[in-house]
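Here the structure comes first, spelled out in structure tokens, and everything after it is commentary.
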Amino acid sequence: MRWYVTKRLLLLIPVLLGVSILSFSLIRLAPGDPARTIAGEHASPQTISAIREKYGLDKPFTTQYWVWLKRVLRGDLGRSIVSNEYVTREILDRFPNTMELTFFAMFIAVAVGAVAGIVSASRQYSVIDYTTMGVALFGVSMPVFWLGIMLMMIFGVFLKWLPIGGRIDTLIPFRRVTGLYLLDSLIGWNGPALASSFRHLIMPSIALATIPMATIARVTRSSMLEVLRQDFIRTERAKGLSERVVIYKHAARNALLPVVTVIGLEFGLLLAGAILTETIFAWPGIGRYVVNAVRMRDYPAVQGCLLFFALTFVVVNLITDLLYVLIDPRIKYE
Amino acid sequence: MKCKVFVALVVVCALLLPVSMAFAADKKTAKAEKVLIYACSGDVERLDPGDVTDGESIQRMDNIFEGLVEFKPGSTELQPGLATSWQITTDGKELTFNLRRGVKFQDGTDFNADAVVFSFARQYDKNSAYNQYGEWAYWGYMFSDIDRVEKIDDYKVKIFMKRPNASIMTSLAMFTVAIVSPANAESLKENAFKNPVGTGPFKFVEWVKDDHITLEAFDGYWRGRPALDKIIFKVIPDPSARLLALEVGEVHGIEYPNPTDFDRIRANKKLALMSEPGMNVGYMAMNAGYGYTDANKNGMKDADEPWEKTPGYYEPLTKKQVRQAINMAIDKQSIVKNIYKGTASVAKNGMPPFMLGYNDKVADYPYDPKRAKQLLAEAGYPNGFEVTLYVMPVSRPYMFDPPKIGEAIQSYLGAVGIKVKFYQVDWGTYLQETQSGKHQMCLLGWTGDNGDPDNFLNVLYGANSTSLGTAGNYGFYNDMKAQELLSAALATFDVKKRAELYQKAQEMIHESANWVYIAHSNQNLVFLKNVKGFKMNPTSRMFFYPVNIE
């Protein structure tokens with residue numbers, strides 16, 4: 105098992121190298137000049153040239169890549185051309201924001217999606233089955249920005265139950281420690297901050313959860329259907345176990361393996377930031393940051409973020425694979 | 028996965044909801060504090076006034092920092108700021124400023140001549156230890172006529188000019204040359220941009236990236252403490268979400284509302300829509316065919332730099348009659364009404380009406396397609412011709428929806444026999460190609476930097492600005508007589524004389540018809556009705572010092 109984990113971590117090296125070459129090339133293939141973007145529309149050609157020289161943008165592609173790679177190997181992702189801040193700092197300032205939203209959204213997606221899939225499978229072809237699958241499809245088909253605005257109007261404007269956007273009421277004294285506001289509120293023993301950050305999380309999490317929820321529901325349903333057809337289920341029913349025990353204790357647990365794969369994949373994808381949700385709900389996440397960096401042709405920021413996303417995705421998938429061992433004792437890695 | 032743990036988590040979260048509702052602190056503002064929350068469309072890039080070019084950063088900086096001079100509220104006229112008075116030599120090459128005494132920076136240090144010299148020198152002096160910490164993009168563009176700034180005594184500084192430049196006074200009111208605390212810069216060095224310290228009415232408290240910036244009242248402000256205790260600039264990128272936040276009272280003001288929401292805003296008695304002309308112009312430029320190569324890079328057309336054809340040279344557009352015909356073929360009123368949706372005013376000159384020297388006597392070309400066809404026939408194009416129009420790929424303050432405007436122009440010109448084809452590239456390439464004169468016609472515009480007419484008329488319509496590769500004069504209007512007027516207006520500090528020269532120049536520009544001036548876009552803000560004292564400024568800069576919440 106240790107060797108398996110080590111092997112997977114070593115595989116990170118070619119993956120990250122490949123991502124670095126791809127991200128380095130792709131952003132430079134996009135037309136547009138970052139020096140001009142930073143200098144502003146009215147800048148003189150001399151100013152633009154000076155900026156280009158300062159950031160090494162006038163050097164050949166291979167030189168730029170090599171200089172950048174050497175820095176990355178020393179743990180330095182460089183400075184953002186737009187903000188002049190270290191890219192690592194920019195990522196660390198925003199990634200916890202996305203992590204908190206993603207955790208919550210996945211929590212809702214799994215709670216609702218998995219239960220919906222189990223219920224649908226146990227009542228196949230019933231009204232409940234068609235309804236739950238229909239609702240799941242609705243969720244994934246609706247554009248997230250429309251859904252977000254609708255949630256805001258219903259719960260924020262008409263019912264006035266929930267706040268419109270942001271992470272926390274800016275008037276509440278609050279100390280940011282980890283960037284995970286629920287945790288920071290607990291650390292600071294700050295009741296109003298905990299309440300406010302929780303309330304701010306609800307709508308964006310629901311909007312974001314609709315995307316993986318449908319996939320989780322459908323995969324759970326088909327996996328459950330397969331498990332329910334197995335002989336051991338018939339045996340349990342024959343033994344006189346209640347249907348609830350058969351479904352939730354025995355069938356569901358066996359059906360979980362493929363669902364865990366999907367959860368891992370969706371989680372990894374969402375950690376790269378959900379740009380539309382973050383924009384609508386004014387959530388200061390990494391998705392908004394990287395899209396803005398691409399728009400501004402902030403090469404160091406884009407390259408740094410893409411490397412970071414690749415790393416996150418690989419680690420999340422490794423954790424998912426390791427979870428299999430916990431769920432199914434038959435699985436062993438060597 | 029342990030189901031019981033999972034179920035327990037679900038139950039905890041379900042319980043948190045009603046418990047958190049009980050706290051519901053969102054609607055309560057801190058009782059003793061007056062906090063204005065202003066919703067912006069984006070976050071700042073940097074917190075150093077000398078090193079920013081974007082509107083969001085400028086907004087925040089304008090409430091933390093001040094300059095030697097400033098604009099009178101709601102106007103482009105100047106008034107004393109950190110300088111109480113100034114003298115300019117008759118040759119315009121030395122400007123002496125007497126500095127205000129008793130002013131403190133927000134870190135408690137004194138404002139004096141050393142701070143002024145520091146704030147300027149770090150931008151132009153390559154030997155300054157602080158020059159490396161910024162790009163100073165605006166310096167090269169707006170202040171290159173400044174040779175050096177020197178301290179005369181603790182409360183007197185002198186600016187030495189390389190050549191007289193009457194627009195330098197309004198340039199000195201720009202955020203770029205706001206005075207920063209040298210002590211702060213010295214202690215933080217490369218990180219000073221994250222912790223701004225100025226002399227302005229509000230001091231910096233915190234910056235949560237992409238979320239908000241908090242400023243609080245500076246008790247030691249030389250004009251007296253502001254009425255507001257705090258300002259929070261909150262980032263809400265989506266315009267619909269911004270408006271919803273305003274409607275429920277989560278914020279007190281918003282910028283860039285959607286024009287399609289204006290009726291809704293006007294119908295809401297709790298909201299006040301403020302709409303005034305912006306310092307901009309949107310136009311379609313027609314390349315009249317000739318520019319020059321600025322071989323000695325002095326920014327001027329010299330005798331030994333001959334006129335040469337631009338890459339986008341196109342015979343029909345070299346004829347004034349054709350350009351005038353095109354002006355008459357386009358219904359600008361309709362474009363402003365239906366595409367700008369009333370958020371702009373029709374333009375007839377190349378700068379907004381409130382600027383010094385605006386010539387209101389110029390009679391705009393009427394919308395007259397019949398006359399346009401006649402002119403085309405007289406010019407030798409009775410059946411029209413084909414032409415390519417560069418269409419901007421981005422929305423700009425002066426032109427919200429360039430593709431729609433392009434389509435409208437295509438339709439109007441099609442009616443008089445001119446077939447328009449579109450050409451689009453990314454924004455950076457668009458600017459590069461138009462500055463090189465590769466276009467036949469192009470949509471573009473300008474947002475003013477410093478409130479001075481030179482910043483419009485000379486930069487956009489002067490013959491010196493037709494240098495291939497660095498042109499700002501996209502109509503390639505190369506009349507040297509007009510350039511003489513514009514240069515003379517820049518070289519004199521006599522306001523009346525400047526106005527006369529600019530008015531004459533506008534007549535000549537209008538007659539040559541290298542541009543179809545389309546619109547001056549309005550700047551629009553919305554506040555809750557209980558927010559009092561805010562005054563819109565033609566320069567679109569935001570000053571919250573006089574603001575109070577009732």
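Going line by line, the protein sequences match chains A and B. Each residue of the first sequence is one higher than the last, beginning at 105 in this note's numbering. Each residue of the second sequence is one higher than the last, beginning at 28 in this note's numbering. Note that the Cβ used here is the ideal one computed from N, Cα and C, for glycine as well.
Under the Cβ criterion of 9 Å, residue 459(B) is counted among the residues facing chain A. Residue 364(B): member of the alpha helix (DSSP H) spanning 359-365, first to last residue. Looking from the CA of residue 131(A), the closest CA among 272(A), 401(A), 269(A) and 282(A) belongs to 401(A).
When DSSP states are grouped into helix, strand and coil, residue 304(B) belongs to the strand group.
For secondary structure counted as the beta strand (DSSP E) over 3 or more consecutive residues, the segment 157-213 of chain B holds these complete runs in sequence order: 173-180 and 183-188.
Residue 334(B) is not a Cβ neighbour of residue 310(B), given a cutoff of 9 Å. Straight through space, the alpha carbons of residue 291(A) and residue 227(B) are spaced by roughly 36 Å. Within the same chain, Cβ atoms closer than 7 Å to the Cβ of residue 171(A) are found at 160, the five residues on either side in sequence being excluded.
Residues of chain B whose Cβ lies closer than 9 Å to the Cβ of residue 393(A) are, in chain order, 236 and 237.
Under a criterion of Cβ atoms nearer than 7 Å, the residues of chain A adjacent to residue 263(B) are, in order, 269 and 386. At the C-beta level, residue 98(B) and residue 225(B) stay beyond 9 Å of one another. Non-local C-beta neighbours of residue 136(B) in its own chain, meaning closer than 7 Å and more than five positions away in sequence, comprise 208 and 210, ordered along the chain.
In this structure, the CA atom of residue 143(B) is about 53 Å from the CA atom of residue 348(B).
Residue 475(B) places its beta carbon less than 9 Å from that of residue 379(B).
Distance from the CA atom of residue 133(B) to the CA atom of residue 336(B), rounded to whole angstroms, is 56 Å. Within chain A, no C-beta atom comes nearer than 8 Å to that of residue 293(B); the closest sits roughly 18 Å away.
Among the residues of chain B, those whose CB is under 7 Å from the CB of residue 186(A) are 72, following chain order. Excluding its 5 nearest sequence neighbours in each direction, residue 234(B) has C-beta neighbours in its own chain below 6 Å: 240, listed in chain order. Residue 453(B) and residue 469(B) have their alpha carbons spaced roughly 14 Å apart.
The beta carbon of residue 458(B) lies closer than 8 Å to none in the same chain, with the five residues before and after it left out. Closest in C-alpha terms to residue 145(B), from the list 212(B), 87(B), 189(B) and 190(B), comes 212(B).
C-alpha of residue 519(B) to C-alpha of residue 192(B): approximately 7 Å in a straight line. With contacts defined as CB atoms closer than 9 Å, residue 464(B) and residue 495(B) qualify as a contacting pair. For residue 542(B), the closest Cβ of chain A is not nearer than 9 Å. Counting the other Cβ atoms within 10 Å of the Cβ of residue 188(B) gives 16 or more, which makes it buried. For residue 285(B) and residue 562(B), the gap between their C-alpha atoms comes out near 21 Å. For residue 130(A), the uninterrupted alpha helix (DSSP H) run begins and ends at 116-133, by DSSP. In the three-state DSSP reduction, residue 299(B) falls in the strand class (E or B). Sixteen is the threshold: since fewer than 16 other Cβ atoms of the shown chains lie within 10 Å of the Cβ of residue 109(A), the residue is exposed.
Under the DSSP assignment, residue 354(B) falls in the alpha helix (DSSP H) whose first and last residues are 347-356. Taking C-beta separations shorter than 8 Å and ignoring five residues to either side along the sequence, the partners of residue 423(A) in its chain run 368, following chain order. Residue contact check for residue 160(B) against chain A: a CB pair falls below 9 Å. At the C-beta level, residue 262(B) and residue 237(B) come within 9 Å of one another. By the Cβ neighbour-count rule, residue 353(A) is exposed, with fewer than 16 other Cβ atoms within 10 Å of its own.
In this structure, DSSP gives residue 433(A) a state outside helix and strand, which the three-state scheme calls coil. Residue 137(B) has 131(B) as its beta-bridge partners, per DSSP.
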